[in-house]
Amino acid sequence: MTPLVQRIANLLSPLEGFYADSGLAIPPVEPLAGERLPEPDRSLLVHDQDMTSTLESFWNSVLRVRVLGMRRQGDRLNRQVVLVTDPGERVVEYGAIEIDLAAFDPPAREEIIACVLPLGAILKRHRIDYTCRPGAFFRVAADVITARAFTIAEGRMLHGRHNLLLDASGRRLAEVVEILPPTTAATPNPIPRDGRILGSTS
77 MTPLVQRIAN LLSPLEGFYA DSGLAIPPVE PLAGERLPEP DRSLLVHDQD MTSTLESFWN
137 SVLRVRVLGM RRQGDRLNRQ VVLVTDPGER VVEYGAIEID LAAFDPPARE EIIACVLPLG
197 AILKRHRIDY TCRPGAFFRV AADVITARAF TIAEGRMLHG RHNLLLDASG RRLAEVVEIL
257 PPTTAATPNP IPRDGRILGS TS
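If you're matching positions, the sequence shown starts at 77 in the numbering used here and goes up one per residue.
As structure tokens, this is what we get:
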């Protein structure tokens with residue numbers, strides 16, 4: 077496997093187990109430079125902030141986690157999820173996350189395992205210092221799983237990113253793949269040219 081092929085395969089690695097459980101192959105993805113993403117996806121993905129606060133500012137709504145699948149091996153918790161607005165239940169992100177539970181104190185760990193709040197909200201609530209390291213951006217056609225998650229037709233083009241969350245010492249907290257619904261979705265809060273989301277405190 078060439079380095080490029082390996083890099084492409086790794087983009088959706090947090091989803092591998094869930095696709096295997098469904099008997100489906102991981103869909104092919106096309107890596108893209110961040111500047112090639114269309115708006116609003118570019119401003120929503122190309123930054124070093126967590127997606128929870130970014131999407132909450134964009135949609136002007138608290139977000140909740142809806143778990144589609146969960147796997148746990150020791151201190152590794154993998155979740156396949158959608159983030160939905162509360163109220164409204166609008167799906168604003170689909171993805172998967174692998175969380176290192178050993179990196180968290182018991183109170184935060186319990187909230188993570190409860191699977192109610194997005195990880196970004198839990199980090200903020202417990203005042204955990206962290207950084208985001210987006211490693212790649214990509215385009216992928218909606219397959220049966222993402223089409224069902226977003227209630228769209230298969231084949232619609234979607235954009236996403238692969239991201240790492242690290243604590244202040246550089247320890248990995250989580251690895252996540254984040255995919256947005258089609259760009260035809262309404263944009264309730266305008267995005268300025270510098271790429272920051274209006275109203276964001278991140």
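Beta carbons are placed, not taken as given, at the ideal position from N, Cα and C, and that holds for glycine.
What are the residues that DSSP puts in a beta bridge with residue i?
{"i": "N154", "result": "R147, E174"}
{"i": "L131", "result": "The partner list for L131 (beta bridge, DSSP) is empty, contrary to what the question assumes."}
{"i": "H202", "result": "None, per the DSSP bridge assignment."}
{"i": "P107", "result": "F214"}
{"i": "E186", "result": "Answer is none; E186 lacks a bridge partner."}
{"i": "D243", "result": "Y206"}
{"i": "I255", "result": "Y170, G236"}
What number of angstroms, rounded off, separates the C-alpha of residue i from the C-alpha of residue j?
{"i": "V158", "j": "V143", "result": "7 Å"}
{"i": "I204", "j": "R185", "result": "12 Å"}
{"i": "A178", "j": "R152", "result": "8 Å"}
{"i": "R166", "j": "I189", "result": "23 Å"}
{"i": "P266", "j": "R118", "result": "Residue placement at P266 is flagged as unreliable, the pLDDT there being 41, under the threshold of 50; the coordinate-derived value follows with that caveat. In a straight line, the C-alpha of P266 is about 13 Å away from that of R118."}
{"i": "T130", "j": "R215", "result": "20 Å"}
{"i": "G211", "j": "H238", "result": "6 Å"}
{"i": "D97", "j": "G145", "result": "10 Å"}
{"i": "D162", "j": "P116", "result": "21 Å"}
{"i": "E132", "j": "Q149", "result": "30 Å"}
{"i": "D181", "j": "R147", "result": "20 Å"}
{"i": "E92", "j": "G110", "result": "24 Å"}
{"i": "D124", "j": "I175", "result": "18 Å"}
Classify residue i as buried or exposed, calling it buried when 16 or more other Cβ atoms lie within 10 Å of its own Cβ.
{"i": "P90", "result": "buried"}
{"i": "R155", "result": "buried"}
{"i": "L100", "result": "exposed"}
{"i": "A250", "result": "buried"}
{"i": "N136", "result": "exposed"}
{"i": "P104", "result": "exposed"}
{"i": "T222", "result": "buried"}
{"i": "H202", "result": "exposed"}
{"i": "G246", "result": "exposed"}
Please state whether the Cβ-Cβ distance between residue i and residue j is less than 8 Å.
{"i": "E169", "j": "M127", "result": "yes"}
{"i": "F213", "j": "L108", "result": "yes"}
{"i": "E230", "j": "A244", "result": "no"}
{"i": "C208", "j": "L256", "result": "no"}
{"i": "V252", "j": "I198", "result": "no"}
{"i": "L113", "j": "P194", "result": "no"}
{"i": "I228", "j": "P183", "result": "no"}
{"i": "V192", "j": "V122", "result": "no"}
{"i": "E106", "j": "G171", "result": "no"}
Continuous alpha helix (DSSP H) assignments of at least 4 residues falling wholly in the region 206-234: Qualifying alpha helix (DSSP H) stretches, in chain order: 220-226.
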